[in-house]
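There are 2 protein chains.
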Amino acid sequence: MGTVRNVLFIMCDQLRADHLSCYGHPALETPNIDRLAQRGVRFERAFVTSGVCGPSRMSYYTGRYPISHGATWNRVPLSVGELTLGDHLRGKGMTLVLAGKTHVIPDVQGLQRFHLEGDRELGSLLREGGFVPIDRYDGHSPPGKESGYADYLRSRGYRSADPWTDFVISTVGERGEINSGWQMRNVRYPSRVSEEHSETAYMTEKAIRFIREQGERPWVLHLSLVKPHWPYVAPAPYHNRYANSDCAPIVKSRGELENQHPVLAAYRASDECSSFARDEVVETVKPVYMGLIKQIDDHIGRLWKALEELGRWDDTLIVFASDHGDFLGDHWLGEKELFYDTVQRVPFLLYDPDARANASRGKSDARFVECVDVVPTILESLGHPVPSHWVEGRSLLPLTRGQSPGWRDCVYSELDYSYKKVRLALGRKPRECRAFMVRTDDWKYVHWQGFRPQLYNLRDDPDEFRDLGADPRFEAERGELRERLFDFLSTRNLRTTVSDDAVEARTDMARRHGIVIGIW
Amino acid sequence: MGTVRNVLFIMCDQLRADHLSCYGHPALETPNIDRLAQRGVRFERAFVTSGVCGPSRMSYYTGRYPISHGATWNRVPLSVGELTLGDHLRGKGMTLVLAGKTHVIPDVQGLQRFHLEGDRELGSLLREGGFVPIDRYDGHSPPGKESGYADYLRSRGYRSADPWTDFVISTVGERGEINSGWQMRNVRYPSRVSEEHSETAYMTEKAIRFIREQGERPWVLHLSLVKPHWPYVAPAPYHNRYANSDCAPIVKSRGELENQHPVLAAYRASDECSSFARDEVVETVKPVYMGLIKQIDDHIGRLWKALEELGRWDDTLIVFASDHGDFLGDHWLGEKELFYDTVQRVPFLLYDPDARANASRGKSDARFVECVDVVPTILESLGHPVPSHWVEGRSLLPLTRGQSPGWRDCVYSELDYSYKKVRLALGRKPRECRAFMVRTDDWKYVHWQGFRPQLYNLRDDPDEFRDLGADPRFEAERGELRERLFDFLSTRNLRTTVSDDAVEARTDMARRHGIVIGIW
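As you go down the protein sequences, you meet chains Y and E in turn.
Letter by letter, the first sequence follows residues 1 to 520 of this note's numbering.
Letter by letter, the second sequence follows residues 1 to 520 of this note's numbering.
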C-alpha cells in the first residue's frame with residue numbers, strides 16, 4: 001500500500017449495477033470485480049448524469065453535468081472549449097491514455113475556428129476529448145481506422161473486409177447457418193469469433209500490455225470496454241453460460257401501462273421497447289447479457305493478475321464503473337435513456353492504495369456518488385488541485401480515507417431526446433426535448449419540458465411502479481424537488497474563465513487599480 | 001431608402017433611457033438622437049441582460065445571456081469558446097470594426113490552450129472578442145497602448161505621461177486649483193481638456209473618418225462611447241449647461257429603507273450608494289451627467305451629417321443603445337447592478353433603411369426588446385442566417401418591417417456580485433452570489449441565491465417602491481414568476497456544437513448508419 005502514482009479507470013458500457021455479484025445478483029458470479037470491492041469501497045448509490053452513453057461519458061471525462069458540457073446526446077460533439085481530464089492532466093505533464101471506447105465526437109467547427117487542423121498533436125488531442133489512444137474502439141459499428149481490431153481479426157484468419165459484422169456480431173445457428181447479431185433472436189447462438197479474439201479479450205490485452213510496457217513510469221489509463229452493450233453477441237462458452245432460471249426477474253407491473261406519461265408512452269412504442277416488452281426477447285437476451293459480463297469478469301481477473309505481478313496494486317488508484325444500465329424489459333422498456341434507477345444507477349468501485357484508505361477497505365458506502373466525481377477523484381489522488389470553477393463533481397477520496405465531509409443529499413440526471421424518433425411522435429422541435437431528474441433518498445422527480453412531471457416515492461415504491469407526477473396529494477413534494485432542480489440549474493459552473501481563488505483575490509480591488517467609485 | 005449594406009451600432013455607457021428627450025426627459029433636449037427615433041423605431045421597453053457593463057456588453061456582442069456566455073461580471077474574460085458577432089460576420093467575409101469601448105477581457109488561458117499566441121490575426125481577434133479596433137478605449141482608466149488617445153492628447157499640447165488623469169478627468173476650480181474628477185464634488189468644474197479634445201469628440205471623429213474612408217465598401221462599425229459613465233467630468237460648456245431645476249426628480253421613498261432586502265441593504269452601505277443618498281451629491285453630479293449626454297447628442301449630430309453627405313442613410317442599419325443605466329440616487333442607490341428599471345431599461349433606437357420598414361418610421365414599439373437581439377438583428381439585416389443554436393436573442397426586423405410575429409412577454413437579467421465588497425459584508429463565497437430577474441408587463445421577480453426573493457407590482461407601483469418579496473399575499477405570483485425563471489434556466493442554448501437543422505436531419509437515423517437497435 002502506498003502513494004497513488006498510476007490511475008486505472010475501467011468502464012463497461014451499459015452494465016447494470018444489479019448484474020454483479022457484489023451488488024447482489026442471485027446467480028451471476030463476478031469474483032474478480034468483487035475483489036475490487038473487497039480491496040476498496042463499493043458505492044451502493046452511484047448515479048450517472050444521463051442515461052445515454054455520450055452525455056454520461058462526457059460527464060465522466062469533464063467532471064461536469066451535461067447542462068454545462070453541452071454534449072446532450074450521442075452524436076453531439078464535445079465543444080473544444082470544454083476541458084477534459086486529459087486537459088487537466090496535460091497541464092501537469094501527464095498523458096491520459098485510452099484503450100477502448102469514449103464516444104467523443106470531434107467538434108470540427110471549433111477545431112476549424114481555432115486553425116487547429118494543422119496542429120497535429122493538439123488537434124488530435126482535442127478531437128479525442130483529451131485522450132491519447134492506444135486503440136480507440138467505440139463498439140456498435142465496425143471498428144474504424146482508429147482501431148487495430150479489424151486488422152487484428154484479419155491477421156487471426158477472419159477473412160473479411162468487415163470482420164466485425166461478419167464474425168464478431170454474427171452467430172452460427174444450429175444448422176451452421178450464419179445470422180446477424182443485430183437481430184436479437186440470433187444472440188442465443190455463439191459469436192463467429194473465438195473468445196480469445198473477442199472485443200473484451202482484445203482490449204483488455206491492449207491495456208495489460210500498456211501497463212507492462214510502462215514499467216515504473218507513472219500512467220493514467222482508461223480501459224473502456226464496449227460490452228455488455230448491444231449487439232448482445234457473446235463468444236462461446238459465454239453465450240449459453242446462463243439459463244433463464246439464473247436471471248433476476250423482470251421488474252415491471254401492469255399498472256405502469258395505465259395513465260402513462262406521454263414521453264414514456266412514446267418510448268414504449270419504439271422498436272426496442274416493444275421487443276423487450278415480450279418475454280421471449282428478454283429470455284433470449286438476458287442470459288447472453290449475463291454471459292458477456294461473466295466474460296468481462298474473467299478478463300478483469302487477468303488484469304488483476306498482471307497488476308499483482310507488477311506490484312501495481314501498491315501505487316494504482318482503480319475506478320470501476322459503467323456509463324449507464326440497460327432496461328432489458330424492466331418497466332416495459334428496452335435500451336436506456338429514461339430515469340429509472342435501473343439505468344441511472346451504476347456499479348461504482350473505488351480502490352485507493354493509500355494507507356489512509358485502509359479502514360474503508362471492503363466497506364459499502366451508501367453516500368450518493370455521481371459520475372462527475374471521477375475527474376476530481378483522479379486529480380486529487382495524483383496530488384493535483386481540482387479546478388473547481390470547471391469541475392462540478394467532488395473528489396471521493398475523503399470518503400475512502402475516512403473523513404466525514406458534508407455530502408450531497410441528491411443526484412441529478414438529464415435527457416435531450418431530440419435525435420430520437422419519439423420526438424417526431426410527440427411533435428416536438430429539437431430544442432423542446434429536455435428533461436431533468438433529481439433523486440433524493442426518498443423521492444425521484446423528473447421535469448419534462450412541455451409535459452407533466454414524474455414523481456416516485458422510492459421508500460414506499462422502490463421499484464418505481466407508481467408515478468405520482470399528477471397526483472394532487474403530492475404537490476408539496478413536487479414543489480420542493482422542483483426547487484432543488486432550480487438550484488441545480490441556477491448554480492452550475494458558468495464562470496469558467498476565472499477561478500474562485502482569483503475572484504477572492506480580486507474582490508473589492510477597483511481602488512487598487514486606480515478606479516475610485518462614488519467618492520464625494 | 002434601400003437594402004442594408006452597412007451597420008452602425010452605437011452604444012453609450014451608463015446612459016439611462018429616461019435621459020433623452022425622445023424618452024420624455026423634461027429639460028434635456030437630444031434632438032439628434034431623437035432624429036433617429038423619428039427615422040426609425042423607438043423601443044420603449046428595451047432591457048439589458050445585466051446591469052453591469054461586462055456581462056451586458058458580452059450579451060450585446062454574443063446574442064447570448066450571461067448564463068450562457070459565462071462572463072458574469074466586469075473582470076471575467078469572455079471564453080474563447082464563445083462566438084461573437086465578429087465571428088459570425090467573419091464567417092461571411094466581413095469585418096466588425098470597433099471605435100471605443102467593449103470591456104472584453106481576453107481569455108488568456110483559453111488562448112494558450114489553443115496555441116494561439118503565435119497566430120497574430122486570429123489571436124488578436126479572439127483577444128478582442130471578435131472586434132478589429134480602429135481605436136479601442138474602455139474609459140474609466142488611462143487609455144492604454146490599444147488606443148491612440150493619450151498620444152493624441154499629447155500632440156494637442158496636454159503635456160503629461162498620463163494626460164487622461166491629469167487633464168481629461170481633472171477639473172479647474174474657481175481659484176484655478178486642479179482637482180481630481182474621481183471625487184464627485186469636483187465635477188461641478190469643467191474638465192481640463194477642451195471639448196474638441198474630449199473622449200466623445202475623439203471617438204466620434206474616429207468613427208466619421210472610418211466611414212468616410214470606406215467609400216462604397218460595406219462595413220459594420222461599433223461606435224462605443226465611454227460617456228456619460230463616471231468619472232462624471234464634462235468639458236466646458238457642458239459642465240454647467242444644466243441647472244438643478246432641469247433635473248428629473250430623484251425617485252426614492254423612505255419606505256424603501258424599511259425591511260430592506262439584505263443584499264440591497266449591503267449595496268446601500270457602499271461608498272457609491274451612501275454618497276448618492278445625499279442630495280448634495282445628486283445635485284452636483286446629475287447636471288453634469290446631463291451635460292455629457294447633451295455633448296454626445298451634439299456629436300451624434302455631426303455623425304448624422306456625415307452619413308447624410310455620404311448617402312449612408314440609404315444603406316445603413318443603425319442601432320443606438322446603452323449597456324445599462326445609472327441610479328444617480330434613485331432608490332437610495334448609486335452606480336448600477338441592481339434590478340430596478342432605472343438601470344435595466346435602456347434607450348434602444350433602430351433605424352432600418354429598408355423600404356419595408358417605412359410604415360414603422362417614427363413609431364414607438366412597446367414590445368419587449370433585449371440586448372441579445374442586436375446580433376440576430378444585424379445578421380438578418382445583412383442577409384445572413386442566424387445560428388439559433390448559439391444566439392438566444394431574436395431579430396427585431398420583423399418588428400420594424402410590420403410583421404406580427406409571436407413575441408416574448410418577459411425579459412431576463414442576471415447579476416453575479418462575487419467581486420463586490422458586498423459579498424464580504426454578506427459573508428458569501430464567490431459562487432454564492434447569483435441573482436436572476438424576470439420582468440413581465442406587470443411584475444418583476446428577483447431570485448437571490450441564499451436570500452428571499454424580491455417582487456414588485458409594476459402596474460400599481462411603477463416606481464418599484466414596495467418590495468412584496470416576503471408578502472404572504474403574493475405567493476402565487478412569486479410561484480408563477482419563478483416558473484418562468486425555471487424555464488429560462490432549463491432551456492438556454494447549451495447544445496452549441498450542433499445546429500437545430502442538423503439535429504432535424506439526423507433524427508432517427510441510427511439505422512441508416514448500420515445500427516439496428518432492438519429488432520427481434
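A virtual CB, placed ideally from N, CA and C, is assigned to each residue, including glycine.
All values derive from a computational prediction rather than experimental measurement.
Apart from the five residues on each side of it in sequence, which residues of its chain come closer than 8 Å, Cβ to Cβ, to isoleucine 349/E? The sequence given here has leucine at residue 349/E, not isoleucine. Correct list, in chain order: Cys22, Ile33, Leu36, Ala37, Gly40, Val41, Arg42, Phe43, Ile318, Val319, Phe320 and Ala321.
Could you give the DSSP three-state label for alanine 306/E: helix, strand or coil? helix
Does DSSP classify serine 404/Y as helix, strand or coil? coil
Are any of the Cβ atoms in chain Y nearer than 7 Å to that of valine 251/E? no
Whole angstroms is fine: what's the gap from asparagine 240/Y's alpha carbon to arginine 175/Y's? 17 Å
Does any C-beta atom of chain Y lie closer than 7 Å to the C-beta of tryptophan 164/E? no
Just the Cα atoms here: how many angstroms apart are glutamate 195/E and alanine 201/E? 7 Å
What separation, rounded to the nearest whole angstrom, lies between the Cα atoms of tyrosine 189/Y and glycine 173/Y? 6 Å
Beta-carbon neighbours of phenylalanine 276/Y, restricted to chain E and to distances below 9 Å: Gly518
Residue interval of the beta strand (DSSP E) (run including valine 108/Y): Taken as a continuous stretch (DSSP letters only), valine 108/Y belongs to no beta strand (DSSP E), being part of the alpha helix (DSSP H) at 108-113.
Could you give the DSSP three-state label for phenylalanine 327/Y: helix, strand or coil? coil
Kindly give me the distance between the Cβ atoms of glycine 329/Y and threonine 342/Y, rounded to whole angstroms, as I take these residues to be in contact under 8 Å. Contact doesn't hold; Cβ gap of about 10 Å is too wide.
Where does leucine 316/E land, buried or exposed, given buried means 16+ other C-beta within 10 angstroms? Rather than leucine, the amino acid found at residue 316/E in this sequence is threonine. Buried is the call here.
Look up glutamate 370/E in the DSSP assignment and say whether it is helix, strand or coil. strand
What are the partner residues of isoleucine 178/E, as DSSP defines its beta bridges? Val172/E
Rounded separation between arginine 492/E and glutamate 177/Y - CA only: 52 Å
For a contact meaning CB atoms closer than 9 Å, what does glutamate 195/Y contact in chain E? Here the premise fails: no neighbours, minimum Cβ distance about 24 Å.
For chain Y, is any of its Cβ atoms less than 7 Å away from the one on serine 160/E? no
So, at 7 Å on beta carbons, what are the nonlocal neighbours of valine 285/E in its own chain, with the 5 sequence-adjacent residues on each side left out? Met184, Val187, Tyr232 and Leu328
Taking the CB atoms as reference points, tell me whether glutamate 380/Y and leucine 399/Y lie closer together than 7 Å. no
Going by Cα to Cα distance, which pick from Ser360/E, Lys101/E and Trp164/E is closest to isoleucine 10/E? Lys101/E
Measure the C-alpha to C-alpha separation of lysine 227/E and alanine 306/E and round it to an integer number of angstroms. 21 Å
Taking a contact to mean a Cβ-Cβ separation below 7 Å, would you say threonine 497/Y touches serine 56/E in this structure? no
Using the C-alpha atoms, what's the distance from histidine 19/E back to glutamate 392/E? 29 Å
With distances taken between CB atoms, is the gap from arginine 452/Y to glycine 479/Y smaller than 7 Å? no
Can you find at least 3 beta carbon pairs, one from the segment 247-255 of chain E and one from the segment 204-221 of chain E, that sit closer than 8 Å? no
When Tyr340/Y, Glu370/Y, Leu338/Y and Thr377/Y are compared against tyrosine 351/Y, the one with the closest alpha-carbon: Thr377/Y
In terms of residues, what are the limits of the beta strand (DSSP E) holding lysine 336/Y? From DSSP, lysine 336/Y is part of no beta strand (DSSP E); its letter is neither H nor E.
What residues in the segment 435-456 of chain Y bring their beta carbon closer than 8 Å to a beta carbon of chain E? Phe436, His447 and Gln449
What are the residues of the segment 406-426 of chain E that lie near chain Y, defined by any Cβ-Cβ distance shorter than 8 Å? Asp416, Ser418, Tyr419, Lys420, Lys421, Arg423 and Leu424
Run through DSSP, which three-state label would leucine 225/Y get? coil
Would you mind stating whether glycine 181/Y and phenylalanine 276/Y have Cβ atoms separated by less than 7 Å? no
Does cysteine 247/Y come out as helix, strand or coil in the three-state DSSP assignment? coil
For a cutoff of 7 Å on Cβ pairs, would you count tryptophan 182/E as touching chain Y? yes
Would you kindly report the start and end of the unbroken beta strand (DSSP E) that includes threonine 316/E? 316-322
DSSP state of proline 133/E mapped onto helix, strand, coil: strand
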